[in-house]
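Heads up, the final residue of the sequence shown is numbered 720 in the working numbering, and it's a clean run with no missing numbers. A quick write-up on the structure given underneath.
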Amino acid sequence: MNAPYDGDRGQGAGGAASPGGPPVPPGAGQDGSVPPDPYLQHAYEDDPYRAQDLAAQDPVGEALYDRAAHPPPPPGTYQEPGPLYQQPPAAPYAPDPRIWAQTPPPEPAGPSRHLPYGDRPATTQFVGVDALVTQASDDRQEPDAFAHLFRDQEGSGKPPVPPQPEPAPAPAPAKGGGGKVSGLLKSSALMAAGTLVSRLTGFVRSLVITAALGAALLGDSFTIAYTLPTMIYILTVGGGLNSVFVPQLVRAMKDDEDGGEAFANRLLTLVMVALGAIVAIAVFAAPTLIHMLSPTIANDVAANSVAVTFARYCLPTIFFMGVHVVMGQILNARGKFGAMMWTPVLNNIVMIITFGLFIWVYGTSAESQMGVDTIPPEGVRLLGIGTLLGLVVQSLAMIPYLRETGFRFRPRFDWKGHGLGKTIKLAKWTVLFVLANQAGVLVVTQLSTAAGAASGHDGTGFLAYSNAQLIWGMPQAIITVSVMAALLPRISRAAHDNDPGAVRDDISQGLRNSAVAIVPVAFAFLALGLPMATLLYASSGTEAARSMGFILMAFALGLIPYSVQYVVLRGFYAYEDTRTPFYNTVIVAAVNAAASALCYVVLPARWAVVGMAFSYGLAYAVGVGVAWRRLRNRLGGDLDGAHIVRTYARLCMAAVPAALVGGAVGFGILELVGTGALGSLAALICGGVLLLGIFFVAAKKMRIEEVNGLVGMVRGRLGR
1 MNAPYDGDRG QGAGGAASPG GPPVPPGAGQ DGSVPPDPYL QHAYEDDPYR AQDLAAQDPV
61 GEALYDRAAH PPPPPGTYQE PGPLYQQPPA APYAPDPRIW AQTPPPEPAG PSRHLPYGDR
121 PATTQFVGVD ALVTQASDDR QEPDAFAHLF RDQEGSGKPP VPPQPEPAPA PAPAKGGGGK
181 VSGLLKSSAL MAAGTLVSRL TGFVRSLVIT AALGAALLGD SFTIAYTLPT MIYILTVGGG
241 LNSVFVPQLV RAMKDDEDGG EAFANRLLTL VMVALGAIVA IAVFAAPTLI HMLSPTIAND
301 VAANSVAVTF ARYCLPTIFF MGVHVVMGQI LNARGKFGAM MWTPVLNNIV MIITFGLFIW
361 VYGTSAESQM GVDTIPPEGV RLLGIGTLLG LVVQSLAMIP YLRETGFRFR PRFDWKGHGL
421 GKTIKLAKWT VLFVLANQAG VLVVTQLSTA AGAASGHDGT GFLAYSNAQL IWGMPQAIIT
481 VSVMAALLPR ISRAAHDNDP GAVRDDISQG LRNSAVAIVP VAFAFLALGL PMATLLYASS
541 GTEAARSMGF ILMAFALGLI PYSVQYVVLR GFYAYEDTRT PFYNTVIVAA VNAAASALCY
601 VVLPARWAVV GMAFSYGLAY AVGVGVAWRR LRNRLGGDLD GAHIVRTYAR LCMAAVPAAL
661 VGGAVGFGIL ELVGTGALGS LAALICGGVL LLGIFFVAAK KMRIEEVNGL VGMVRGRLGR
């Protein structure tokens, strides 16, 4: 093929026939001899198959052999092949372990995921089996097996280009703690620790308040006034701040040139102005608000006077609640999760000191027998100022954390045309969501206060309901809220990237990981609620403490649907869908209010609040069914339901025998020793140890993946 073209045989130059003999090749001498052609020299000596078995030749490999990239040696430089089976020469250098022993890069936690979030997708995309499946039908251009022949002809006469050495592979990234899972666990652990300390100090605060004011009408009056600012805050801006603005802040950080600082300043300024106006209106309308919240207290002159005075001291805390939440959400969007969970500890400490001073001056409620008509004005003033001071300290403590992240607050009133309109529009449905929720709370508050006044027994009113709910909600705040607060920015990014698989996996992970603690604790409340309440609230009297214990037992199992509902709603918020949670909460509030009213009418006054506590969990069980179906449809019909339901069912199967044994032991100890502090402590310790031990043994035997993972993590932390 590479021989020069010599024309048709039998013709001379110019195509004429050469008479009388064979044709004379072009360039031949007078004697007809042809000089050696350097191009043809040794052309047939470089036989690649000389030392190979001819039966093993691969015609396809020969056709695909690229001679342009690997040209033959120049003429005259060919070396005769050496003997077969010659030992190859030794390399001058030892193998480099930095090349052949590199640590492989971290694998993704799931298919089609980018790790970690925040990095450029072009540099952190992992291709696995799912990529091979999804790209199996893509048309690819097959290589031309004879393209090298054309390159041979085109490259003849040109010096061969030596092949470029391949660059050494970049060193693999070191495996550190920057992975998605480790970062989530670290953030969740930090938040859970802060929430745990906050809830523990909140328990102490609740104990001190109950010891100072008792569980009768005076305690209910302060609880109504103390709850009123929280209800107003949540009804106005609290719901939107807690759920809507985190995705908005995350998007502003990703899309805005200044990293979202201007958006955060505008948001904080708007919230401060709105809350200032709300506080002014609420302080003026305090008597009306107290009447709306509890007609029973408003119709009592002495109780109404004390409640209105307490409310006017407490209502300015609305402003500081909102400022604290906005600052905390700015920190959460910047990856700082601890401050928002740790600063409430300062509020609790200030209130504990305040009520401790009250007890030091006036004594406990059991000693002073103080009521709404005998509490001195100085005592009301002391408690009101201390309550307000606690929220002020909690809000101001956020400023150093913000300065550490580089955020500087500068009031900005240019609210129009900068995305706040969309945020407020989204928050509109969240405000309606909270309004529906608080409507149910309002009904329960009115009914529980009336039931407590009608029963004639301590511990059967709104204060007992609130104290039992405070104990019941502690696992939710420590476990579920902490896990989802760390997951919510990541879910928001996945929803923004239109990756429903990532959203589904994160929600499934949040549900299953939180269930490991939520399920056994719910059964522990059912089995040991009585000794738990009699131990914590012994200062309020045996009768009031036992009543709160029965209320806690009625709350117990409702903790499971309550936790599931909280996680599922985060999926809607990640997609900026606040309308669906509103409709779902309307259903929950309606069921709660209707069931509570039925309990108030049907049950005796002493047990009406116990029935209301059970109605609370029942309402959330109904709400979970509605929210689950809607979110599953939103994510394409798959919410990992089989895996989640199987995990919860197996955890309940492990918790049932544990609760039976632990509850039986606890009630037996109470019957033998009594319901005093010593008997309650013994019952709680013995029953609790048995309950947890049996649960973990049963869960380990059932090979529940999440429990085994938790045990392995704890052992790793302990170095075992």
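All C-beta atoms, glycine included, are put in the ideal place defined by N, C-alpha and C. Keep in mind that this is a model prediction, so the values were computed, not measured.
From residue i to residue j, what does the alpha carbon distance come to, in whole angstroms?
i: residue 651; j: residue 620; result: 19 Å
i: residue 325; j: residue 391; result: 12 Å
i: residue 618; j: residue 558; result: 7 Å
i: residue 519; j: residue 525; result: 10 Å
i: residue 314; j: residue 595; result: 31 Å
i: residue 590; j: residue 435; result: 12 Å
i: residue 399; j: residue 411; result: 15 Å
i: residue 543; j: residue 509; result: 42 Å
i: residue 282; j: residue 307; result: 14 Å
i: residue 670; j: residue 355; result: 31 Å
i: residue 547; j: residue 464; result: 8 Å
i: residue 270; j: residue 327; result: 13 Å
i: residue 764; j: residue 494; result: No statement about residue 764 is possible, as the shown extent of the chain runs from 1 to 720 and does not include it.
i: residue 333; j: residue 663; result: 43 Å
i: residue 597; j: residue 450; result: 12 Å
i: residue 569; j: residue 696; result: 30 Å
i: residue 726; j: residue 368; result: Look at the range of the chain in this structure, 1 to 720, and you will see that residue 726 is not part of it.
i: residue 703; j: residue 646; result: 12 Å
Between which residues of its own chain and residue i is the CB-CB distance below 8 Å, once the five residues before and five after are set aside?
i: residue 445; result: 224, 227, 293, 294 and 462
Measure the beta-carbon distance from residue i to residue j and round it to whole angstroms, keeping in mind my assumption that it falls under 8 Å.
i: residue 490; j: residue 638; result: In fact, because the Cβ distance is near 19 Å, the residues do not count as touching under 8 Å.
i: residue 612; j: residue 447; result: 7 Å
i: residue 473; j: residue 460; result: Their Cβ separation, rounded to whole angstroms, is 20 Å, which puts residue 473 and residue 460 out of contact at 8 Å.
i: residue 438; j: residue 234; result: 6 Å
i: residue 492; j: residue 574; result: 5 Å
i: residue 564; j: residue 624; result: 5 Å
i: residue 541; j: residue 366; result: 7 Å
i: residue 636; j: residue 500; result: 6 Å
i: residue 690; j: residue 665; result: 6 Å
i: residue 535; j: residue 692; result: Actually they do not touch by this definition, with Cβ atoms about 17 Å apart.
i: residue 405; j: residue 331; result: 7 Å
Can you name the start and end residues of the alpha helix (DSSP H) that residue i belongs to?
i: residue 534; result: 500–536
i: residue 694; result: 677–701
i: residue 315; result: Premise fails: residue 315 is in no alpha helix (DSSP H) and is neither H nor E.
i: residue 539; result: That residue, residue 539, is in no alpha helix (DSSP H); it is neither H nor E in DSSP.
i: residue 572; result: 559–574
i: residue 376; result: Careful: residue 376 lies outside any alpha helix (DSSP H) and carries neither H nor E.
i: residue 469; result: 462–475
i: residue 641; result: 641–673
i: residue 593; result: 579–602
i: residue 295; result: 295–298
i: residue 275; result: 261–284
i: residue 344; result: 344–362
i: residue 605; result: 605–634
Check the Cβ-Cβ distances between residue i and every residue of chain C, and say whether any is below 8 Å.
i: residue 393; result: Among the chains in the structure shown there is no chain C, since it carries only a single protein chain.
Between which residues of its own chain and residue i is the CB-CB distance below 6 Å, once the five residues before and five after are set aside?
i: residue 523; result: 655 and 659
i: residue 606; result: 455, 457 and 460
i: residue 380; result: 309
i: residue 566; result: 480
i: residue 291; result: 298
i: residue 676; result: none
i: residue 321; result: 233
i: residue 323; result: 395
i: residue 177; result: Low per-residue confidence applies at residue 177: pLDDT is 37, beneath 50, and the placement is therefore not dependable, though the value from the model is reported in the following sentence. Nothing listed; no residue qualifies.
Apart from the five residues just before and just after residue i, which ones in its own chain have a Cβ nearer than 7 Å to its Cβ?
i: residue 599; result: 608, 611, 612 and 615
i: residue 347; result: 390, 391, 393 and 394
i: residue 318; result: 229, 232, 233, 275, 278, 279 and 282
i: residue 303; result: 217, 221, 297 and 372
i: residue 467; result: 206, 210, 537 and 548
i: residue 344; result: 198 and 394
i: residue 285; result: none
i: residue 213; result: 219, 222 and 365
i: residue 587; result: 622, 623 and 626
i: residue 351; result: 205, 386, 387 and 390
Are there any heavy atoms of the ligand NAD lying less than 7 Å away from the beta-carbon of residue i, as far as the coordinates show?
i: residue 515; result: No copy of the ligand NAD appears in this structure; indeed no ligand is present at all.
key: Segment contact flag, the segment 223–233 with the segment 364–376, C-beta cutoff 8 Å, min 3 pairs   = Contact fails: fewer than three Cβ-Cβ distances are below 8 Å.
query = Are three or more beta carbon pairs between the segment 575–591 and the segment 543–558 nearer than 8 Å?
reply = Here the segment 575–591 does not lie against the segment 543–558, with fewer than 3 beta-carbon pairs under 8 Å apart.
ask   = Using 8 Å as the Cβ pair cut-off and three pairs as the minimum, do the segment 469–485 and the segment 194–207 touch?
value = With the rule of 3 Cβ pairs closer than 8 Å, the segment 469–485 counts as touching the segment 194–207.
ask   = Contact between the segment 527–540 and the segment 679–690: three or more CB pairs below 8 Å?
value = Touching, yes, given that three or more Cβ pairs across the two stretches are closer than 8 Å.
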